[in-house]
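Take a look at the structure below.
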Amino acid sequence: MAKAKAKQNWNYEETVVKVEEIIDRIESGELELAKVFEEFAVATEGLKQCETFLDEKQKQLNLSIEVLEGD
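So for the sequence shown, the numbering used here puts the first residue at 11; every next one is plus one.
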């Protein structure tokens with residue numbers, strides 16, 4: 011149930027900003043190596059979420075186009 015609520019509150023733009031912030035921190039060279047790996051894992055998960063979101067929206071868009079073309 012916690013996952014459903016988290017997904018409901020998830021925001022594409024906020025996730026992109028978080029990933030960009032993580033990349034900036036990693037590129038700064040100021041993080042300890044262990045922290046780099048932790049941050050990288052978080053960024054990777056965020057990117058997966060964004061990719062899934064965009065794939066779902068693309069499918070919805072394609073379906074809408076098919077419906078419009080069928081009319």
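Here a beta-carbon is modelled for each residue, glycine too, at the ideal position from N, C-alpha and C.
| query | result |
| --- | --- |
| Over what stretch of residues does the alpha helix (DSSP H) that includes Asn-72 continue unbroken? | 43-80 |
| Taking only the alpha-carbon atoms, compute the straight-line gap between Phe-50 and Leu-73 and give it to the nearest angstrom. | 35 Å |
| From Asn-21 to Glu-42, what distance separates their C-alpha atoms? | 29 Å |
| In this structure, how does DSSP classify Asn-21 when only helix, strand and coil are distinguished? | coil |
| Which residue from Gln-68, Glu-23 and Glu-30 puts its Cα closest to that of Thr-54? | Glu-30 |
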